[in-house]
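Remember, the numbering used here sits 54 above the position in the sequence shown when you count from 1.
Step one of this worksheet: look at the structure below.
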Amino acid sequence: MSKRVPTSGKRIRDIGEFKLIDVLTAVVAGSQPGRLSLGIGDDAAVWRPSPGRHIVMSTDTMIEEEHFRLEWGDWKSLGHKALAVNLSDLAAMGARPRLALVSIGLTGSERDREIADLYRGMVALGDQFKTAVVGGDTTTSETAVMISITVLGEATSGPDSVMKRSSARAGDLIAVTGPLGLAAGGLEVLDQELRTLDGGPAMEEAFLRPKPRVREGRILARSGVRCAIDLSDGLLGDLPKVCSQSGLSAEIDELKIPVPLSIKWAFQDWIEVALRGGEDYELLFTVSPSVLARINRNFRRAGLRLPTVIGRMVDPGEAEPEVRLRMPSGQVEKLEPGAYAHWG
Ligand code: ADP
Ligand code: MG
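Right, here's the structure in full:
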């Protein structure tokens with residue numbers, strides 16, 4: 055028996071994506087399996103099939119016109135991105151991706167070699183992380199191409215072996231694994247046809263072929279990081295999820311946010327691009343200051359770019375958790391969450 059479900063009869067476009075997920079969470083609540091370590095609400099679900107083993111799984115869909123335009127890139131890049139956004143969710147848990155199931159909806163006018171290229175893009179990326187496509191589904195989709203991927207991964211055993219959105223602690227530093235705003239810049243470049251822009255090709259690359267931070271995620275988890283999320287909806291889309299699930303506020307420092315010079319030159323409102331632009335797929339994590347040195351050592355040893363500390367988690371006291379920005383003037387202002395959400 056599922057518990058009473060708080061539906062209202064309202065249309066999805068009026069309640070929004072997050073309320074809809076709350077409703078669906080209530081419907082499935084009564085039917086969750088035993089040994090489920092983590093259900094709806096994080097970057098991926100975690101199931102313990104037997105003692106000492108964790109399976110981590112996540113799924114993500116891309117629809118033509120909604121998430122991509124075929125004229126923006128080639129099919130191979132599209133395959134790369136469709137798998138990358140899924141691997142990124144496992145990276146955010148610190149899991150090791152292993153298998154992928156790929157469902158595609160095609161209008162029928164695509165050519166076989168194009169769909170083969172789509173899969174070449176997935177295989178090329180999957181090979182980097184020893185992740186194989188082992189099945190899927192093919193259907194007709196009258197007007198738009200659709201790609202939906204489910205990934206399964208493994209996590210090492212131990213109750214704290216996966217990084218969760220809810221595990222931040224007051225006093226933790228907040229860090230990101232790479233620059234912010236490049237992918238949003240890339241979307242502008244493609245949309246407004248700004249090919250000649252300084253740094254434009256790198257922005258395009260960031261948007262079309264994001265690099266899932268799988269190695270970084272595994273090292274973070276092994277180094278003792280307990281809390282992480284991948285930045286798919288932008289810093290101000292995703293950091294508030296960590297805040298509300300951990301019951302903490304975040305204070306970030308404008309001067310510390312890693313924004314590429316090309317973004318600063320190209321966009322007058324570059325700070326908005328860096329704060330609210332989505333799809334960078336860098337990892338954001340929180341960590342006690344004493345563990346940071348170990349992380350830097352382990353990243354350096356693995357030949358990875360060192361993370362950048364951008365702020366700190368703080369106790370909100372009696373207040374609701376919020377994200378605050380310390381500006382170069384020293385003034386601190388509250389930021390409104392700016393998730394990219396479907397139906398507003
Ligand atoms: P992310 O941005 O990392 O992909 P989302 O914000 O899309 O995460 O999802 C938040 C949580 O809600 C995840 O645990 C996801 O599995 C769950 N979720 C999203 N859509 C659905 C759905 N239609 N049915 C069940 N669970 C869902
Ligand atoms: Mg995610």
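Virtual Cβ for every residue (Gly too), placed ideally from N, Cα, C.
Three or more Cβ pairs drawn from the region 156-171 and the region 195-209 lie within less than 8 Å of each other, which places the two stretches in contact. The beta-carbon separation of M217 and V279, rounded to 6 Å, stays under the 8 Å limit for a contact. Along the region 216-303, the beta strand (DSSP E) occurs as fully enclosed runs of 3 or more residues at 227-230, 281-284, listed in sequence order. With a cut-off of 8 Å on Cβ pairs, the region 55-71 is not in contact with the region 103-110, counting fewer than three such pairs.
Counting only beta-carbon distances shorter than 7 Å to the non-hydrogen atoms of the ligand MG, the qualifying residues in chain order are D97, S142, D143, A146, I283, D284, S286. Cα atoms of G225 and T231: separation of roughly 19 Å, rounded to the nearest angstrom. In terms of side-chain proximity, the C-beta atom of I94 is found nearer than 7 Å to a non-hydrogen atom of the ligand ADP.
Between the ligand ADP and the CB of L155, the shortest heavy atom gap is not smaller than 7 Å. Taking the Cα of V100 as reference, the smallest distance to any Cα among V82, D76, L206 is reached at L206. Under the three-state reduction of DSSP, F122 is assigned to strand. According to the DSSP assignment, G189 belongs to the beta strand (DSSP E) that extends over 186-194.
In this structure, the CA atom of Q86 is about 8 Å from the CA atom of G93. Of all alpha-carbon atoms in L389, D292, V187, the one lying nearest the alpha-carbon of C281 is that of D292. It is roughly 28 Å from the alpha-carbon of S383 to the alpha-carbon of A237.
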